[in-house]
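Trainee:
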Amino acid sequence: MTLHQFFEICYDFVQFYPTQQNLCKRLNTFAAIESYSDLNAANLGKTVQEIDKKFFYSRSWANNHLNPSQLDYDYPVMIAFDKSLALTNVMSPRSQTQYVIEIAFLDKHVQSVNSVDLCSNRNRNEIFKDTENFMMNFFEYLKDIVYIDSESKYISLAVLRAGGSVEEPNEAETRKIQKGFNDVNRNLFASRWEGGLDDLQGTFFEFNLSLHNCGKFQWNAETSSIEVSGDLGCCD
37 MTLHQFFEIC
47 YDFVQFYPTQ
57 QNLCKRLNTF
67 AAIESYSDLN
77 AANLGKTVQE
87 IDKKFFYSRS
97 WANNHLNPSQ
107 LDYDYPVMIA
117 FDKSLALTNV
127 MSPRSQTQYV
137 IEIAFLDKHV
147 QSVNSVDLCS
157 NRNRNEIFKD
167 TENFMMNFFE
177 YLKDIVYIDS
187 ESKYISLAVL
197 RAGGSVEEPN
207 EAETRKIQKG
217 FNDVNRNLFA
227 SRWEGGLDDL
237 QGTFFEFNLS
247 LHNCGKFQWN
257 AETSSIEVSG
267 DLGCCD
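This note's numbering puts the first residue of the sequence shown at 37, with every later residue one more than the last.
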């Protein structure tokens, strides 16, 4: 697995999140942000360049057929931020990289008077509870991740079957990634978060992702000679 493949798992989690009776009970956006200032930026700092990538999913934009002039997003959102990485055994063939990924589920606190809409009537504690549910559902989703050889992809088994595929997962690779998820995330601490220009409320935690470094760089040295010349063109 790569970091990008993990973001793709998050992307799918939001894209295929089940329809809910109330809009605030369904995730509508995923964004792998580059800076926390993106929370205050237009469209979370995303542009139409995201159209072929897995760093941003907007249900609203998808419903508009990814029209470049209609790029927007809706809350609730899932945010992922690649905070840091630690390298171990870097001189060994079995080197590893452990990423610390900050993940937040956020929604906008709307202060509405006498509204009959459940989402607009929520107080902060109710928003925190809803975003905590998103977090717990994400953990359940990760338990369902399998690896399929035909697409070299990690995907939810439920999503795979819903798409009509009868392909059997690669059991060895699936056990490997599930063990990796569990070994470095046995105990996680989550906290409440609030801020941003949109008065966002939500639940925040750090997720660890430990990956084996499989790449082998081939050092094919390039040789060249340097010719020394005089200072040409300044004193003609």
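Backbone N, C-alpha and C define an ideal beta-carbon position, used for all residues, glycine too.
Going straight from the alpha carbon of residue 176 to that of residue 45, what length do you get?
Mentor: To locate residue 176, count along the sequence shown from 1; it is residue 140. To locate residue 45, count along the sequence shown from 1; it is residue 9. Each residue's alpha carbon lies about 13 Å from the other.
Trainee: Just checking residue 133 against the ligand NAP - is the residue's beta carbon closer than 7 Å to any of the ligand's heavy atoms?
Mentor: As far as ligands go, the structure on display features none, and thus does not contain the ligand NAP.
Trainee: How is residue 169 classed by DSSP in three states: helix, strand or coil?
Mentor: Stepping through the sequence shown from its first residue, residue 169 is reached at position 133. Helix at residue 169.
Trainee: Residue 238: buried (16+ other C-beta within 10 angstroms of its C-beta) or exposed?
Mentor: Here residue 238 refers to the residue found at position 202 of the sequence shown. Classification of residue 238: buried, given that the 10 Å Cβ count is 16 or more.
Trainee: Measuring CA to CA, which of 79, 98, 117, 103 is closest to residue 40?
Mentor: Residue 40 sits at position 4 when you count from the first residue of the sequence shown. For residue 40, the nearest C-alpha among the options comes from 117.
Trainee: Suppose the cutoff is 7 Å on Cβ atoms and the five residues either side in sequence are ignored; what does the same chain contact list for residue 53 look like?
Mentor: For the purposes of this step, residue 53 is taken as residue 17 along the sequence shown, with counting starting at 1. Only 62, 63 meet the Cβ criterion.
Trainee: Give the single residue among 133, 146, 263 whose Cα lies nearest to the Cα of residue 122.
Mentor: In the sequence shown, counting from the first residue as 1, residue 122 sits at position 86. Nearest of 133, 146, 263 to residue 122, Cα basis: 133.
Trainee: Measuring alpha carbon to alpha carbon, tell me which residue in 212, 240, 231, 65 is nearest residue 246.
Mentor: On the sequence shown, position 210 is the one that residue 246 refers to. When each option's Cα is compared against that of residue 246, the closest is 212.
Trainee: Quick one: using the 10 Å Cβ neighbour count with 16 as the cut-off for buried, is residue 258 buried or exposed?
Mentor: Residue 258 sits at position 222 when you count from the first residue of the sequence shown. Classification of residue 258: exposed, given that the 10 Å Cβ count is below 16.
Trainee: Cutting at 6 Å between CB atoms, please list the residues of its own chain near residue 51, excluding the five before and the five after it.
Mentor: For the purposes of this step, residue 51 is taken as residue 15 along the sequence shown, with counting starting at 1. 93.
Trainee: Could you tell me the distance, in whole angstroms, from the CA atom of residue 138 to the CA atom of residue 76?
Mentor: Your numbering for residue 138 matches position 102 in the sequence shown. Your numbering for residue 76 matches position 40 in the sequence shown. The straight-line gap from Cα to Cα measures roughly 17 Å.
Trainee: Which full runs of the alpha helix (DSSP H) of 4+ residues lie inside the region 183–239, going along the chain?
Mentor: Counting only runs of at least 4 residues, the region 183–239 fully encloses the following alpha helix (DSSP H) elements, listed from N- to C-terminal order: 193–198, 207–219.
Trainee: Could you work out which residue in 236, 87, 60, 232 is closest to residue 103 when comparing CA atoms only?
Mentor: Position 67 of the sequence shown, counting from 1, holds the residue named residue 103. Comparing Cα positions, the closest option is 87.
Trainee: Is residue 146 near residue 131, with beta carbons less than 8 Å apart?
Mentor: Within the sequence shown, residue 146 is the residue found at index 110, counting from 1. Within the sequence shown, residue 131 is the residue found at index 95, counting from 1. Result no, Cβ atoms of residue 146 and residue 131 do not sit closer than 8 Å.
Trainee: Quick one: Cα of residue 57 to Cα of residue 85, how far?
Mentor: Translated into positions along the sequence shown, residue 57 becomes position 21. Translated into positions along the sequence shown, residue 85 becomes position 49. Approximately 32 Å between the Cα atoms of the pair.
Trainee: Using the Cβ count rule (16 or more neighbours within 10 Å means buried), how would you classify residue 196?
Mentor: Numbered from its first residue, the sequence shown carries residue 196 at position 160. Residue 196 should be labelled buried.
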